[in-house]
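Residue numbers (the numbering used here), protein chains in the order written: chain A, 1 to 279; chain X, 1 to 290. For reference, the structure is listed below as structure tokens.
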Amino acid sequence: MAAEIKSNTNTVRWPAGIRLPVMLTFEHQAGEGAPLFAGERPNYMVGGAIQYGARRGIWNILELLEKYRVKATFFVLGTTAEKYPETVQEAVKAGHEIAGMGYGFASIRTASEEQERENVRRSAKVLEDIAGVKICGWRCPDYRVSPKTLDILAEEGLAWDSSLLNDDLPYLFETRAKKIVEIPFTTSTADKTYVGYPYPQRGGPDGLASVWNNELDVLYQESEKAPRLMNLSLQTWATGRPATLRVLGRLLERLVGHEEFRFAQCNEVAAWPLNSTER
Amino acid sequence: MWNEKGYRKSFRWPEGVRLPIAISVHHQSEEATCPMPDGQPDPFDYSERQYGARRGAWRLLDIMGRHGVRGTWLICGATLEKYPEVSRAVQKAGHCIAGHTYAHEMMCNMPPDTETALIKKTVLVFEDLLGEHIRGWRTCFASHNTLDLLLEHSDIEWDGSMWNDDLPSLIEGHGREMLEIPFATYSDTALGVDITNPAFPPSRFSTWNANPPDFMLRGLKSAFDALYERGAERAVMMPLVVHDFITGRPFRSKVLDEFLIYAKQFEGVIFTGHDELARWARQSGEFGRE
Numbered sequence: 001m002a003a004e005i006k007s008n009t010n011t012v013r014w015p016a017g018i019r020l021p022v023m024l025t026f027e028h029q030a031g032e033g034a035p036l037f038a039g040e041r042p043n044y045m046v047g048g049a050i051q052y053g054a055r056r057g058i059w060n061i062l063e064l065l066e067k068y069r070v071k072a073t074f075f076v077l078g079t080t081a082e083k084y085p086e087t088v089q090e091a092v093k094a095g096h097e098i099a100g101m102g103y104g105f106a107s108i109r110t111a112s113e114e115q116e117r118e119n120v121r122r123s124a125k126v127l128e129d130i131a132g133v134k135i136c137g138w139r140c141p142d143y144r145v146s147p148k149t150l151d152i153l154a155e156e157g158l159a160w161d162s163s164l165l166n167d168d169l170p171y172l173f174e175t176r177a178k179k180i181v182e183i184p185f186t187t188s189t190a191d192k193t194y195v196g197y198p199y200p201q202r203g204g205p206d207g208l209a210s211v212w213n214n215e216l217d218v219l220y221q222e223s224e225k226a227p228r229l230m231n232l233s234l235q236t237w238a239t240g241r242p243a244t245l246r247v248l249g250r251l252l253e254r255l256v257g258h259e260e261f262r263f264a265q266c267n268e269v270a271a272w273p274l275n276s277t278e279r
Numbered sequence: 001m002w003n004e005k006g007y008r009k010s011f012r013w014p015e016g017v018r019l020p021i022a023i024s025v026h027h028q029s030e031e032a033t034c035p036m037p038d039g040q041p042d043p044f045d046y047s048e049r050q051y052g053a054r055r056g057a058w059r060l061l062d063i064m065g066r067h068g069v070r071g072t073w074l075i076c077g078a079t080l081e082k083y084p085e086v087s088r089a090v091q092k093a094g095h096c097i098a099g100h101t102y103a104h105e106m107m108c109n110m111p112p113d114t115e116t117a118l119i120k121k122t123v124l125v126f127e128d129l130l131g132e133h134i135r136g137w138r139t140c141f142a143s144h145n146t147l148d149l150l151l152e153h154s155d156i157e158w159d160g161s162m163w164n165d166d167l168p169s170l171i172e173g174h175g176r177e178m179l180e181i182p183f184a185t186y187s188d189t190a191l192g193v194d195i196t197n198p199a200f201p202p203s204r205f206s207t208w209n210a211n212p213p214d215f216m217l218r219g220l221k222s223a224f225d226a227l228y229e230r231g232a233e234r235a236v237m238m239p240l241v242v243h244d245f246i247t248g249r250p251f252r253s254k255v256l257d258e259f260l261i262y263a264k265q266f267e268g269v270i271f272t273g274h275d276e277l278a279r280w281a282r283q284s285g286e287f288g289r290e
């Protein structure tokens, strides 16, 4: 099993000139993770609200990111890439990073090692075939990893994972194959926690704005003394909606054009700590 | 069995103390992780909570230090074993340190001998790793036996497990006494996240039932305002519960920071630990004379 390499991650040094890297990590699915009604009948209410992300949400997001010239990371479900290939191709064309998050929202927590490995290979192949990219990173779609997940990802040639939620900064795992970088995130600041569907959705767009503004305030203040990273987990089906999109737009207004903030993609961040610290 | 003596209406804190605020930091990290339907721990919930010991507790310690605020740290035995450096820093900072069960057990579901064994085991962990003989205890999910067991099998001087009163009361039994210092729901688990309640496991989309920070701050301030007003004529206290994995997140830590800035402006507001509250309550000598 993968073992965390114990180190003082506060010794991470970002490249010169960057005070606080900001990462927008979008999760792109088309309703595969929605519950079904009895008898495996589709639930057009929840399923439809999530399918929105593939039909409309991602286009709205790509337009906003283009306006602010911000590059982000998109975790794309294999089945979503198959059903909505143009959404992924357009994201690649715009310079966004594509990473894997499984095929068909399959749960891997209790899957066999063979099933889990097949899921990673199939997802990587679909994204390569459809978008022409070789993925370097991964986020487990329900964040419910198995004890073997990091080992398998490393063996399949991936450089980083972003499925854990337990830290402010990236850190390293020693796996069976090689070291892999973990770039943690949290659903505590995720759009879907406050504006998601189905319920509960507490706070709405204003509440979400107070989450993101507070997060930025505190991380910015702390980054004066120690390295910090702002990693926002976003859903194309949640942030793609006009009301939430406006909240993201306001956040980008705070960030864009200020030298000390730097929008970063996962591949880039995964390379930083490795290059910059003794571990 | 134990006997409880409540406070008199005329109960007063020491001169000049109008509203004591007792911050309880629950340092439990991943110990209360929700189970999946198959009974295995939820890896998502585990990871979100593990932030508590890795980052959250340090941030809370820093904020309290910056404000010069002393509080009570309720620490699980297992958390102390896994992350001793956090508790050592807490001890060094001079906070009141108390036990919070071994692995955040639901004592309400445990037989008395198991609960007793866990109390004793936890007390020993503090002695071994911190060299500290703890005098305080909190079980969030107390059993009918909790107070009896503490009286009979420990020398705990105050317990803070009950949710049923405004102010401390004196508990007598098994040939000794201890203070019960109750807590309330003006906490990050009510105002911020419904996660310590087993009735609210993470959603199928791996989210917690969370309120945004503007809501949380409003709740804390309104609780404070009511108690401060009431404190002009009688003893009141504000138990404020924060968890390492909840309020320790950057965006929620700002709520605590802003609340401390707000509350500190008022005269007679004192931040203190449960040990001092217990001492004041005993010194008042006002229990059970109603």
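Note that beta-carbon positions come from the ideal geometry of N, C-alpha and C, so glycine has one too. Just so you know, these numbers come straight off a predicted model, no measurement behind them.
Chain X within 9 Å of residue i, Cβ atoms only
i	result
Gly207 (chain A)	yes
Glu278 (chain A)	Caution applies to Glu278 (chain A), whose pLDDT of 42 falls short of 50 and renders its modelled position unreliable; the model cannot decide the point.
Leu153 (chain A)	no
Glu222 (chain A)	yes
Val133 (chain A)	no
Thr79 (chain A)	no
Glu260 (chain A)	no
Tyr68 (chain A)	no
Asp217 (chain A)	yes
Leu255 (chain A)	no
Asn214 (chain A)	yes
Leu150 (chain A)	no
Val22 (chain A)	no
Asp161 (chain A)	no
Arg250 (chain A)	no
Gly196 (chain A)	yes
Other residues of its chain near residue i: CB distance less than 7 Å, five sequence neighbours each side excluded
i	result
Ile156 (chain X)	Arg135, Gly136, Trp137, Leu150 and Met178
Arg176 (chain X)	Leu151
Thr272 (chain X)	Pro20, Ala22 and Arg70
Val76 (chain A)	His28, Val88, Ile98, Met101 and Leu127
Leu118 (chain X)	Thr101, Tyr102 and Glu105
Ala78 (chain X)	Glu31, Tyr102 and Ala103
Val133 (chain A)	Val92, Ile98 and Leu127
Val193 (chain X)	Trp208, Asn209, Ala210 and Ile246
Glu278 (chain A)	Per-residue confidence for Glu278 (chain A) stands at a pLDDT of 42, beneath the threshold of 50, marking its modelled position as unreliable; no derived number is given.
With 16 other Cβ atoms within 10 Å as the buried cut-off, status of residue i
i	result
Leu44 (chain A)	The question names Leu, yet the displayed sequence has Tyr at residue 44 (chain A). Tyr44 (chain A) should be labelled exposed.
Phe224 (chain X)	buried
Gln50 (chain X)	buried
Asp142 (chain A)	buried
Trp160 (chain A)	buried
Gly68 (chain X)	exposed
Leu153 (chain A)	buried
Asn109 (chain X)	exposed
Asn3 (chain X)	exposed
Arg41 (chain A)	exposed
CB contact check: residue i to chain A, cutoff 9 Å
i	result
Trp163 (chain X)	no
Ala190 (chain X)	no
Thr79 (chain X)	no
Val193 (chain X)	yes
Met300 (chain X)	Outside the displayed span of chain X (1 to 290) sits residue 300 (chain X), for which this structure offers no information.
8 Å contact criterion, which residue i and residue j should meet: CB distance rounded
i	j	result
Ile61 (chain A)	Phe26 (chain A)	7 Å
Leu169 (chain A)	Val12 (chain A)	6 Å
Leu240 (chain X)	Gly219 (chain X)	So it is not a contact: roughly 11 Å between Cβ atoms.
Val25 (chain X)	Leu74 (chain X)	7 Å
Spatial neighbours of residue i in its chain, beta-carbon cut-off 8 Å, leaving aside the 5 residues before and after
i	result
Gly204 (chain A)	Tyr194, Val195 and Ala243
Asn164 (chain X)	Pro182
Ser276 (chain A)	The pLDDT assigned to Ser276 (chain A) is 43, lower than 50, so where the model puts this residue is not dependable, and the model offers no usable value.
Neighbourhood of residue i by C-beta distance below 6 Å, restricted to the same chain and skipping five residues each side
i	result
Arg109 (chain A)	Arg144 and Ser146
Thr122 (chain X)	Gly77, Gly99 and Tyr102
Ala16 (chain A)	none
Cys140 (chain A)	Ser163
Ala2 (chain A)	Leu150, Asp151, Phe173 and Thr175
Ala184 (chain X)	Pro239
Could you please tell me which residues of the region 247-268 of chain X, in chain order, have their CB closer than 7 Å to any CB of chain A? Arg249, Pro250, Phe251, Ser253 and Lys254
Chain-ordered residues of the region 25-52 of chain A with a beta carbon less than 8 Å from chain X: Gly33 and Pro35
Closer than 9 Å, Cβ to any Cβ of chain X: which residues of the region 167-194 of chain A, in chain order? Asp167, Asp168, Leu169, Pro184, Thr186, Thr187, Ser188, Thr189, Ala190, Lys192, Thr193 and Tyr194
What residues in the region 39-55 of chain X bring their beta carbon closer than 7 Å to a beta carbon of chain A? Hits within the stretch, in order: Asp42, Pro43, Phe44, Ser47, Glu48, Gln50, Tyr51, Arg54 and Arg55.
Short of 8 Å Cβ to Cβ, which residues in the region 195-220 of chain X face chain A? Ser203, Arg204, Phe205, Ser206, Thr207, Trp208, Asn209, Ala210, Asn211, Pro212, Pro213, Asp214 and Phe215
Interface residues of the region 224-238 of chain A facing chain X [CB-CB below 9 Å]: Taken in chain order, the members of the region 224-238 of chain A whose beta-carbon sits within less than 9 Å of a beta-carbon on chain X are Arg228, Met230 and Gln235.
Where the region 99-127 of chain A meets chain X: residues whose CB sits under 8 Å from a CB there: Arg109 and Thr110
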